[in-house]
Every structure is written in C-alpha cells, then in structure tokens.
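Chemist: full-length UniProt numbering puts the first residue of the sequence shown at 1, with every later residue one more than the last.
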Amino acid sequence: MSIIIKPIITEKITKEGEVFNRFGFVVDKKANKVQIKKAIEAAYGISVVDVNTMNYRADRTTKYTKSGLISGKTNSYKKAIVQVKEGETIDFYNNI
C-alpha cells in the first residue's frame, strides 16, 4: 500500500517550505499520522517533527449548458502537512 500519493506544489505550500520547513502531500485516505511520518522519513531520508492532516470532501457540481444539464463531482482526498527538522529540506524539483 502506497501511503504517499503525490506532493502538493502550490505557491502557499512552497512559501511555507521556505519559511517554516513545512511540505504538503496528498496521502492515502486510510493512513494515520504515524504511518505518514514513517513513509515520509523512509522516502526522503529526513526527520519529521510534526504531521497535520485534513480530509477534503467531494464537491458536487451542476452545469446548465445548451445540450442539457451536466452534473459531476470532484474527488475526495486527504492532505498531510509535514514539518521537517530545522536545517533539512525536501527538493521536489531535483531528480534524485
């Protein structure tokens, strides 16, 4: 089971990474904080200080178009904000 799905690279998360050593990841919905911490430490070889998680629900949308009513939804996901030890960093742009 892969716990880390993908890193989140947005302006806000990138700024937090530079200032507070905090990085964001989309993780498996069933993973807990301890599992997330172990997976990040194993994947990137760094020390994790703190893990915060957030569950995002699926949003339903309805569009009225010429061809009729179109309904859809976005996927639900779990986001983890990980704070690493002072002096350590994760470089997402460099291929390892």
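From the three backbone atoms N, C-alpha and C, an ideal C-beta is built for every residue, glycine too.
Can you tell me where the beta strand (DSSP E) with Y56 in it begins and where it stops?
Modeler: 48-56
Chemist: Sort Y56, V19, R60, F92 by Cα distance to K78 and report the nearest one.
Modeler: Y56
Chemist: According to the Cβ coordinates, are N32 and T89 closer than 9 Å?
Modeler: no
Chemist: Do the CB positions of residue 164 and S47 come within less than 9 Å of each other?
Modeler: Given a span of 1 to 96 for the chain in the structure shown, any question on residue 164 remains unanswerable.
Chemist: DSSP on K78, reduced to helix/strand/coil?
Modeler: strand
Chemist: Assign G17 to one of three DSSP states: helix, strand, or coil.
Modeler: It is helical.
Chemist: Three-state secondary structure (DSSP) at A44?
Modeler: A small correction: the amino acid at residue 44 is Tyr; Ala does not occupy that position in the sequence shown. Here Y44 sits in helix by DSSP.
Chemist: Find the nearest neighbour of F25 within the set K66, V51, R60, judged by alpha-carbon distance.
Modeler: V51
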